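Residue numbers (our numbering): 14 to 457.
Glycine included, each C-beta is placed from N, C-alpha and C at the ideal position.
Predicted model, so just to flag it, every value in this text is computed and none were measured.
Data first, discussion second: the structure below is written as structure tokens.
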Amino acid sequence: MTSWWARRSLRTRITLVVGIVAVVALLAVGRVAGGLLFSALVESGDQTLTERAAAATGAVAGGTPVPPGVRVVDAAGSPVDGRGPRPVDADALSRLAAGQPVTVVEGPLGPQRWVAVPVPAPDGSPRLVLASRDLVGAASLFADAARWLAVAALLGAVGVGVAAWAATRVALRPVDRMRVAAAAVAPGERLPVPPSRDELAALAVEINALLARRDDAVGRLERFTSEAAHELRSPIAALRAQADVAVAHPEQASRQASDQAPDQASVDETWRSVAREAERLSDLVGDLLALARADSGERMPARPVDLVDAVGEALARLPEEPLVAMTLWAPMPVTVAATPAEVAIVLDNVLANARRHAETVVHVSVVPAGRWVRLLVDDDGPGIAPADRDRVFDRFTRLAPEAGEGSGLGLALVARLVAGRGGTTRATTSPDGGTRLVVRWPVG
Numbered sequence: 014m015t016s017w018w019a020r021r022s023l024r025t026r027i028t029l030v031v032g033i034v035a036v037v038a039l040l041a042v043g044r045v046a047g048g049l050l051f052s053a054l055v056e057s058g059d060q061t062l063t064e065r066a067a068a069a070t071g072a073v074a075g076g077t078p079v080p081p082g083v084r085v086v087d088a089a090g091s092p093v094d095g096r097g098p099r100p101v102d103a104d105a106l107s108r109l110a111a112g113q114p115v116t117v118v119e120g121p122l123g124p125q126r127w128v129a130v131p132v133p134a135p136d137g138s139p140r141l142v143l144a145s146r147d148l149v150g151a152a153s154l155f156a157d158a159a160r161w162l163a164v165a166a167l168l169g170a171v172g173v174g175v176a177a178w179a180a181t182r183v184a185l186r187p188v189d190r191m192r193v194a195a196a197a198v199a200p201g202e203r204l205p206v207p208p209s210r211d212e213l214a215a216l217a218v219e220i221n222a223l224l225a226r227r228d229d230a231v232g233r234l235e236r237f238t239s240e241a242a243h244e245l246r247s248p249i250a251a252l253r254a255q256a257d258v259a260v261a262h263p264e265q266a267s268r269q270a271s272d273q274a275p276d277q278a279s280v281d282e283t284w285r286s287v288a289r290e291a292e293r294l295s296d297l298v299g300d301l302l303a304l305a306r307a308d309s310g311e312r313m314p315a316r317p318v319d320l321v322d323a324v325g326e327a328l329a330r331l332p333e334e335p336l337v338a339m340t341l342w343a344p345m346p347v348t349v350a351a352t353p354a355e356v357a358i359v360l361d362n363v364l365a366n367a368r369r370h371a372e373t374v375v376h377v378s379v380v381p382a383g384r385w386v387r388l389l390v391d392d393d394g395p396g397i398a399p400a401d402r403d404r405v406f407d408r409f410t411r412l413a414p415e416a417g418e419g420s421g422l423g424l425a426l427v428a429r430l431v432a433g434r435g436g437t438t439r440a441t442t443s444p445d446g447g448t449r450l451v452v453r454w455p456v457g
């Protein structure tokens with residue numbers, strides 16, 4: 014049943030639900046209305062019965078025979094008029110004695126309505142004068158009314174169902190138009206938003222937001238693919254050129270192990286060049302994968318990471334460079350909300366970038382600032398022009414591409430990882446005259 018219901022269209026489900034609710038509601042209303050009608054019919058004759066019983070009280074009090082159509086019983090309910098057996102049971106008699114009209118549905122005479130009027134007998138004993146009328150006609154009328162009300166309820170439910178089908182079709186027509194428009198919308202286009210402030214307008218706004226995210230993702234993917242292909246072309250071309258030389262002149266490689274290698278230095282330089290390009294290619298692919306994971310939103314839950322210890326480990330990982338001194342200033346231990354892997358990637362990139370551009374010294378400072386922790390990396394290099402300080406965090410941005418260093422992904426990856434944890438990254442002027450990179454993380 015669940016599977017069958019799930020396969021039905023929204024219009025069919027709404028129509029069925031409305032139709033079933035209409036049938037139940039109309040039948041319930043019909044039943045209540047029939048009951049009220051029957052009660053009204055029954056109670057409408059109580060006054061006449063009371064008057065008939067009251068008219069016979071004089072005969073009972075005088076000891077004369079009562080007129081036809083009434084019965085006289087004593088306090089115990091036994092007939093004293095000599096006209097047959099006891100007309101009602103003890104429970105009905107007690108209610109009649111209390112002044113309440115009684116309807117007897119089952120009896121030898123069929124449905125009957127009874128009322129009672131008390132009167133004393135000539136000897137002073139209490140008597141009840143009972144008057145009744147036949148309810149067969151009222152019951153038949155009620156049964157006919159119930160049947161016609163049931164038929165009317167079914168017809169009304171059918172009419173409500175048809176109206177619900179038509180109303181649902183009209184109501185869903187804008188949704189169908191929106192679906193057709195969404196299927197045909199081109200990149201960069203948006204759905205028209207209805208002027209009404211209703212659910213359709215909200216749906217159009219959400220679909221437009223989804224289309225904007227799609228266009229943004231597609232645009233970033235296209236730029237990323239184009240830029241990655243451009244950047245990968247250089248190391249791959251260099252490796253291919255070195256391989257072509259080795260294939261075209263195998264005698265150079267064979268003389269590498271010989272004592273008679275006049276161009277040993279050339280061969281060694283060739284292999285060193287191949288190693289450099291392979292390392293550059295490996296670093297580029299690693300950065301691309303890390304950046305793709307950051308863009309996809311895949312990240313582990315944040316936990317406290319000791320930033321001071323992480324900076325010390327990152328400084329220890331740097332290759333030795335005797336011409337550039339690295340210093341660390343941290344007044345107190347602090348933790349940041351991230352993961353150790355993210356912090357390591359950020360530190361490796363900002364420290365490598367600073368030392369690559371520094372002339373003599375790089376100062377690293379870890380400064381707590383309320384709910385944030387700031388990492389300051391200062392170098393005494395040439396610095397970054399104000400117009401380029403935002404651009405350096407874009408992908409594949411290299412301010413000096415002729416130098417052939419880096420892939421232009423390091424700072425972009427830093428900015429993406431830090432922003433993913435709610436932090437910020439910016440570049441400014443260092444007190445040493447070079448560049449200051451400021452990384453701000455939330456406290457862990």
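For residue i, which of the options has the nearest alpha-carbon?
{"i": "VAL171", "options": "ARG226, PRO187, ALA35", "result": "ALA35"}
{"i": "MET313", "options": "THR352, ARG126, THR448, VAL79", "result": "THR352"}
{"i": "GLY396", "options": "ALA176, THR441, ASP147", "result": "THR441"}
{"i": "VAL188", "options": "ARG24, ALA367, ASP104, VAL337", "result": "ARG24"}
{"i": "ARG192", "options": "VAL83, ALA400, ALA177, ASN221", "result": "ASN221"}
{"i": "ALA343", "options": "ALA350, ARG99, ALA382", "result": "ALA382"}
{"i": "VAL492", "options": "LEU364, VAL164, VAL374, ASP445", "result": "Residue coverage of the chain in this structure runs from 14 to 457, which leaves residue 492 outside it and unanswerable."}
{"i": "PRO317", "options": "LEU336, LEU328, GLU355", "result": "GLU355"}
{"i": "ARG227", "options": "GLU212, GLY201, LEU213, ARG210", "result": "GLY201"}
{"i": "ASP147", "options": "ARG182, SER57, LEU213", "result": "SER57"}
{"i": "LEU162", "options": "ILE249, SER138, ARG44, ARG108", "result": "ARG44"}
{"i": "GLY169", "options": "ASP157, VAL37, PHE51", "result": "VAL37"}
{"i": "ARG369", "options": "MET345, VAL359, GLY446, GLY394", "result": "GLY394"}
{"i": "ASP136", "options": "ARG26, THR77, TRP178", "result": "THR77"}
{"i": "ALA166", "options": "GLY446, GLY47, ASP211", "result": "GLY47"}
For residue i, count the other beta carbons within 10 Å of its own beta carbon; 16 or more makes it buried, fewer makes it exposed. Which is it?
{"i": "ASP392", "result": "buried"}
{"i": "ALA416", "result": "Any reading at ALA416 must be qualified, since the residue scores a pLDDT of 48, below 50, and its modelled position is unreliable; the value itself is stated next. Exposed, because fewer than 16 other Cβ atoms sit within 10 Å of the Cβ of ALA416."}
{"i": "LEU320", "result": "buried"}
{"i": "SER443", "result": "buried"}
{"i": "VAL175", "result": "exposed"}
{"i": "ARG429", "result": "buried"}
{"i": "GLU333", "result": "exposed"}
{"i": "VAL379", "result": "buried"}
{"i": "TRP454", "result": "buried"}
{"i": "THR448", "result": "buried"}
{"i": "GLY75", "result": "exposed"}
{"i": "GLN60", "result": "exposed"}
{"i": "GLU64", "result": "exposed"}
{"i": "SER271", "result": "With a pLDDT of 47 at SER271, under the threshold of 50, the predicted position of this residue should be treated as unreliable, though the coordinate-derived value follows. Exposed is the call here."}
{"i": "THR28", "result": "buried"}
{"i": "ARG99", "result": "exposed"}
{"i": "GLN273", "result": "Note that GLN273 has pLDDT 44, beneath the 50 cutoff, so the model's placement of it is unreliable and the number below is only indicative. GLN273 is exposed by the Cβ-count criterion."}
{"i": "GLY112", "result": "exposed"}
{"i": "SER145", "result": "buried"}
{"i": "PRO275", "result": "Only weak support is given to the placement of PRO275: the predicted model assigns it a pLDDT of 47, under 50, and the question is left unresolved by the model."}
{"i": "ILE249", "result": "exposed"}
{"i": "ALA41", "result": "exposed"}
{"i": "ALA19", "result": "exposed"}
{"i": "ARG140", "result": "buried"}
{"i": "GLY97", "result": "exposed"}
{"i": "GLY436", "result": "buried"}
Going by beta-carbon coordinates alone, are residue i and residue j separated by less than 8 Å?
{"i": "VAL456", "j": "TRP385", "result": "yes"}
{"i": "LEU39", "j": "VAL128", "result": "no"}
{"i": "ARG439", "j": "VAL451", "result": "yes"}
{"i": "ASP94", "j": "VAL85", "result": "yes"}
{"i": "ASP361", "j": "ARG330", "result": "yes"}
{"i": "LEU422", "j": "PHE406", "result": "no"}
{"i": "GLY32", "j": "VAL173", "result": "yes"}
{"i": "VAL198", "j": "LEU224", "result": "yes"}
{"i": "VAL132", "j": "GLN125", "result": "no"}
{"i": "VAL115", "j": "THR70", "result": "no"}
{"i": "VAL375", "j": "VAL337", "result": "yes"}
{"i": "ALA158", "j": "LEU49", "result": "no"}
{"i": "VAL79", "j": "ALA134", "result": "no"}
{"i": "ALA196", "j": "LEU252", "result": "no"}
Could you give the C-beta distance for residue i and residue j, rounded to a whole number, given that I count them as a contact under 8 Å?
{"i": "VAL377", "j": "THR340", "result": "7 Å"}
{"i": "ALA217", "j": "LEU234", "result": "Between LEU234 and ALA217 the Cβ distance is about 25 Å, and since that is not below 8 Å, they are no contact."}
{"i": "VAL142", "j": "ALA88", "result": "With a Cβ gap of about 13 Å, VAL142 and ALA88 do not count as contacting."}
{"i": "ALA357", "j": "ALA315", "result": "Contact doesn't hold; Cβ gap of about 15 Å is too wide."}
{"i": "ALA103", "j": "GLY82", "result": "Contact doesn't hold; Cβ gap of about 23 Å is too wide."}
Chain D beta carbons: is any one of them nearer than 8 Å to that of residue i?
{"i": "PRO139", "result": "The structure shown has no chain D; it contains just one protein chain."}
> What are the start and end residues of each continuous beta strand (DSSP E) run of 3 or more residues lying completely inside the region 65-145, in chain order?
Replying inline: Scanning the region 65-145 from its first residue to its last, the whole beta strand (DSSP E) runs of 3-plus residues come out as 83-87, 115-117, 125-133.
> Quick one: complete beta strand (DSSP E) runs, 3+ long, within the region 319-366?
Replying inline: Every unbroken stretch of the beta strand (DSSP E) spanning 3 or more residues and falling wholly within the region 319-366 is given here in chain order: 338-342, 348-351.
>> At 4 residues or longer, what runs of the alpha helix (DSSP H) sit wholly inside the region 176-214?
In response: Contiguous alpha helix (DSSP H) elements confined to the region 176-214 do not occur, taking only those with 4 or more residues.
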